[in-house]
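Asks: Just so you know, the sequence shown maps onto residues -23 to -1, 1 to 495 in mature numbering (1 follows the signal peptide of the UniProt record, and there is no 0). For glycine and all other residues, C-beta sits at the position ideal for the given N, C-alpha and C. Fair warning: this is a prediction, and the values are worked out from it, not measured in the lab. Here it is, the structure in full.
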Amino acid sequence: MKKILLSCLIGLGLGLNAQYSYTGNFETPGYTTTIYKQFGGGTQSTSAACAGTNGGQLAVSASFPSTGFMIDLTTIGQTGNGQKVDVSVSYKKGATIAGTLNLAYFKYDLGTNSWSITTYGTPVNLTAAAISTCSTLTGTIPAGVIQPGETYGIGVWFVRSGTTTGNIFVDDIILNQESVTTIPACTTISSPTNGATVSAGNLQLNWSATPTAVNYKVKVGTTSGGSNLVNFTVAGTTTNITVAPNTTYYATVTPTNSNGDAVGCTEISFITNNTVAYCGPLTASAAVYPISSVSLNGITKTSPAATGSPAYEDNTTTLISVTPGVTYPITIEATGLAPNRFGATVFIDWNGDGDFADAGESYFTTTGNYIGGTLTSNVLSGDIAVPAGVTDGYKRMRVKYNFNSSATSLISALSDPCGNLGNGQAEDYTLVVGNVLAVNDIKAKNIETVLHPNPTSDFINIKTDSKINAISVVDLTGKKINVSLDSNKVDVRSLPAGTYLINVETKDGISTEKFIKK
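Right under this line is the structure:
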């Protein structure tokens, strides 16, 4: 980013259980443009000192509303052992400037030649009043965050409130990272639980953190001890995998650090049903710019477009027919569009496996200010090419729309179908391929139908104002299921557990509703 600075006190414990300690005190000699990096406006100054002669001065202005200092770990001989880092920073401030001071760690991306910024711990909210006596901000970066082999920095990040300007002063950035000489203990898989029945498709595997673990080795297979589904290493305590319907799986998660792997970790097993699940619902840091409508093949779904709209909307009851081998224009209308970094992407699970990760399942994920086609007024538009060989059935479509002042961050938020948003929204729809009932096929007006109980284990009661002429039940692949209707009651006892659609036809129209068989 901009420039870099540093202090000189280094204490390196070299014993087997040593603690790596470093104090960045901004003194001279030792203040250089290599060890300290500064983002925005700032410099070394005597007025910023909390101890000694000098400190780091951050100048906050209209040009630099956010700014910070960090210590580049690679320049002080710390390669990163993956263990937790205790951090403290001294601070004070001048008058007028107000905002939030955070501890932060910074990660360098060689591909984009830029630093990402992640804040952590409890921030300090600073008012416009001057602070002349230094206070201390403390926090801990958990084990496993600072990964070996990567380039990191640790320091502070300030974000101003409103249009205030002025100086923030920091000093004595102190880092303490413990070294360990033993392997970590085992973890516990928290979800799914051992023996659970879960949905197929996307499955989020979660486990508890082990204090000295740097990474976790995840194995999932269809036999005990097997790893034919996944066999990879994860830095955090969660991962998403894709599992097939009606299958028994076995999973282990083994914590590891530079001393080796945990020993004897417990394996769990779980069973999938025929329901296909997807990652989400997604969240947004501020859903200020929502989608107001999506149009595809003659179907337009409008939704609220006001500030405060939810970050995710489930529109899967909106069914849109498409034909294999045909290309359809799609338009996405959203709020807040302006000559800035707004964009949209589309993901379609054509093979119905519960993810959007296969070839040909993502659209408009290329780089650019307007991801998603041509910007005309408040509409993003592009073309959806339906694969020629796609099978009949219901297919999940996810539309993501986002704003970010950084083009790199915008692309990152939009290119990941499971990633959360900044200022934006995501919506899910159902595409219908082949000879399956869809909204396009309904000529009469829709009717209102109520199903109860829902979920159910044996019968579904149908309540409607009109006499029922016919019903049909299909699973989420579009396969028709034989069921019987007696006095508006449907017997579903023979159905496997999962999610289904029931189509209810009366003289006034057709209603399509979703129900869950337990």
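#1: Spatial neighbours of G446 within its chain, please: C-beta separation below 7 angstroms, excluding the five flanking residues on both sides.
#2: Can you have a look at L(-18) and say buried or exposed, based on whether 16 or more other CB atoms are within 10 angstroms of its CB?
#3: Can you give me the Cβ contacts of V271 inside the same chain, cut-off strictly under 6 angstroms, excluding the 5 residues immediately before and after it?
#4: Within a Cβ cutoff of 7 angstroms, which residues of the same chain sit near S201, ignoring the five residues on either side of it in sequence?
#5: Applying the criterion that 16 or more other CB atoms from any shown protein chain within 10 Å of the CB defines a buried residue, is T224 buried or exposed?
#6: Give me, in chain order, the residues of the same chain whose beta-carbon lies closer than 7 angstroms to that of E338; leave out the 5 immediate sequence neighbours on both sides.
#7: Please report how far the alpha carbon of N31 lies from the alpha carbon of I151, in whole angstroms.
#8: Pull up the CB-CB distance for N144 and Q34, whole angstroms please, since I reckon it's below 8 angstroms.
#9: Alpha carbon to alpha carbon, what distance is there between D442 and residue 508?
#10: Between which two residues does the beta strand (DSSP E) harbouring K194 extend?
#11: Which residues mark the beginning and the end of the beta strand (DSSP E) in which W92 is found?
#12: What residue range is occupied by the uninterrupted beta strand (DSSP E) comprising residue 497?
#13: Indicate whether the contact test is met: 3 or more Cβ pairs, each with one atom in the stretch 58 to 70 and one in the stretch 114 to 126, closer than 8 angstroms.
#14: Suppose the cutoff is 7 angstroms on Cβ atoms and the five residues either side in sequence are ignored; what does the same chain contact list for T44 look like?
#15: Taking V299 and L408 to be in contact with their CB atoms under 8 angstroms, please state how far apart those CB atoms are, rounded to whole angstroms.
#16: Can you pull the DSSP bridge partners for A81?
#17: Can you tell me whether Y477 is buried or exposed? The criterion is at least 16 other CB atoms within 10 Å of its CB, across all chains shown.
#18: Could you have a look at S280 and say whether DSSP puts it in helix, strand or coil?
#19: With a cut-off of 8 angstroms, do at least 3 Cβ pairs link the stretch 151 to 165 to the stretch 178 to 186?
#20: Helix or strand or just coil, what does DSSP make of A173?
#21: Expressed to the nearest angstrom, what Euclidean distance is found between the alpha-carbon atoms of residue 538 and I160?
#22: Sort out for me which residues DSSP pairs F209 with in a bridge.
#23: Identify whether L391 lies in helix, strand or coil by the three-state DSSP scheme.
#24: Pick helix, strand or coil for I160, following the three-state DSSP scheme.
#25: Shortest alpha-carbon distance to N274 belongs to which of T294, V467, G257 and I307?
#26: Can A25 and D149 be called in contact, C-beta distance under 7 angstroms?
#27: Assign D360 to one of two classes, buried (16 or more other C-beta atoms within 10 Å of its C-beta) or exposed (fewer than that).
#28: Cutting at 6 angstroms between CB atoms, please list the residues of its own chain near A283, excluding the five before and the five after it.
#29: Answer with buried or exposed for N205, where buried requires no fewer than 16 other C-beta atoms within 10 angstroms of its C-beta.
#30: Thinking C-alpha only, which one of T219, N459, D463 and A39 is nearest L472?
#31: C(-16) to V133, Cα distance in whole Å?
#32: Please list, in chain order, all residues of the same chain as I74 whose beta carbon is under 8 angstroms from its beta carbon, the five residues on each side excluded.
#33: Does T260 come out as helix, strand or coil in the three-state DSSP assignment?
#34: Tell me, please, which residues DSSP counts as bridged to G370.
#35: Tell me which residues share the same chain as S246 and place their Cβ nearer than 8 angstroms to its Cβ, disregarding the 5 neighbours each side in the sequence.
#36: Assuming A311 contacts S269 (C-beta within less than 8 angstroms), just tell me the rounded distance between them.
Replies: Concretely, from the data shown:
#1: Reading off the sequence shown, one finds Asn at residue 446, where the question assumed Gly. Around N446: E482, T483 and K484.
#2: The pLDDT assigned to L(-18) is 27, lower than 50, so where the model puts this residue is not dependable; a value taken from the coordinates is nonetheless given after this. Counting Cβ neighbours within 10 Å, L(-18) comes out buried, since at least 16 surround it.
#3: Cβ neighbours of V271 beyond the five flanking positions: K278, I309 and V376.
#4: Y227 and E244
#5: exposed
#6: F324, I325, D326 and W327
#7: 15 angstroms
#8: 6 angstroms
#9: Because the chain in this structure spans residues -23 to 495, residue 508 falls outside the shown range and cannot be described.
#10: N192 to G198
#11: Start and end: S91 to L103.
#12: For the chain, the structure presents residues -23 to 495; residue 497 sits outside this window and is missing.
#13: yes
#14: Result list for T44: F16, G17, G18, G19, L35, V37 and F135, in chain order.
#15: 5 angstroms
#16: T96 and G132
#17: buried
#18: coil
#19: In short, these stretches touch, since the Cβ pair count reaches three.
#20: coil
#21: The question about residue 538 has no answer, for the chain in this structure spans -23 to 495.
#22: V195
#23: helix
#24: coil
#25: I307
#26: no
#27: exposed
#28: none
#29: exposed
#30: N459
#31: Interpretation of C(-16) is limited by its pLDDT of 28, a score under 50 that renders its predicted location unreliable; the figure taken from the coordinates is listed afterwards. The straight-line gap from Cα to Cα measures roughly 18 angstroms.
#32: Excluding residues within five positions, the ones whose Cβ falls inside 8 angstroms are V37, L103, A105, R137, T141, T142, G143, N144 and I145.
#33: coil
#34: V410
#35: N171, G172, S201, T225, Y226, Y227 and A228
#36: 6 angstroms
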